[in-house]
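Under full-length UniProt numbering, the first residue of the sequence shown carries the number 1, and numbering increases by one thereafter.
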Amino acid sequence: MSDAVNRPERSPDADAAEAPDEPSSNAGPQGQVALLEKERDEARDQLLRTRAEFVNYQKRNKQQAEADRLYAIGNLGRDLLDVLDNMQRATEALRATATEGVVSGLDMVHKQFLATLAKYGVEPIEALGTAFDPNFHEALMQQPSADAPEGTVVAELGKGYKIHDRVLRPSKVAVSVKP
């Protein structure tokens with residue numbers, strides 16, 4: 001027996017239905033040109049999409065590198081804030097007992113410390129008299145106050161700091177409530 005007897009017969013239309021992207025020898029030159037143009041257009045579209053994705057990747061990478069550079073000293077700044085607080089406490093303690101020269105010297109060092117931090121974008125958060133904002137303030141207590149509207153910061157219990165637009169440490173505050 002020959003192989004032709006065992007194999008089912010296939011029509012040329014069945015071959016074309018299985019492989020639509022391949023140019024068919026039975027399709028005329030017009031069909032082959034149309035298929036090749038379709039493949040070319042798909043390849044061009046894929047290339048343009050890949051280029052756009054790469055450009056977007058480069059932009060995201062550049063933005064991330066800029067953010068990393070901008071906020072790189074955040075951990076150092078956060079650690080130095082404790083030193084700054086202790087310097088402020090020492091200055092306040094010395095005001096009552098020490099001579100004015102020592103206190104003014106510590107004040108100058110404190111101001112220089114703040115100026116150096118400001119040079120790198122670390123600045124204190126102004127809290128007293130502003131509306132309570134949980135993004136910048138940490139409410140430790142509520143304080144009845146007839147003078148301030150409800151929800152206003154009436155006392156700053158701990159100084160808060162930010163680096164550019166990010167909070168390093170929130171201000172610890174007392175918030176007014178109706179008496």
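Yeah, the Cβ is synthetic: ideal placement off N, Cα and C, and Gly gets one too.
- By the Cβ test, the stretch 106-125 is in contact with the stretch 73-80, since at least three Cβ pairs between them sit closer than 8 Å.
- In this structure, the beta-carbon distance from Pro179 to Pro144 falls below 8 Å.
- In the same chain as Glu123, and ignoring 5 residues on each side of it, the C-beta atoms closer than 7 Å to its own belong to Tyr161 and Lys162, in chain order.
- Taking Ala131 as the centre and dropping the five residues before and after it, the same chain places the C-beta of Gly151 and Thr152 closer than 7 Å to its C-beta, in chain order.
- If you check the CB distance, Leu140 and Leu128 do not come in under 8 Å.
- For Arg166, the CB contacts under 8 Å within the same chain, skipping 5 residues up- and downstream, are Tyr71 and Gly74 in chain order.
- Taking the Cβ atoms as the reference, Val102 lies roughly 13 Å from Met87, outside the contact range of under 8 Å.
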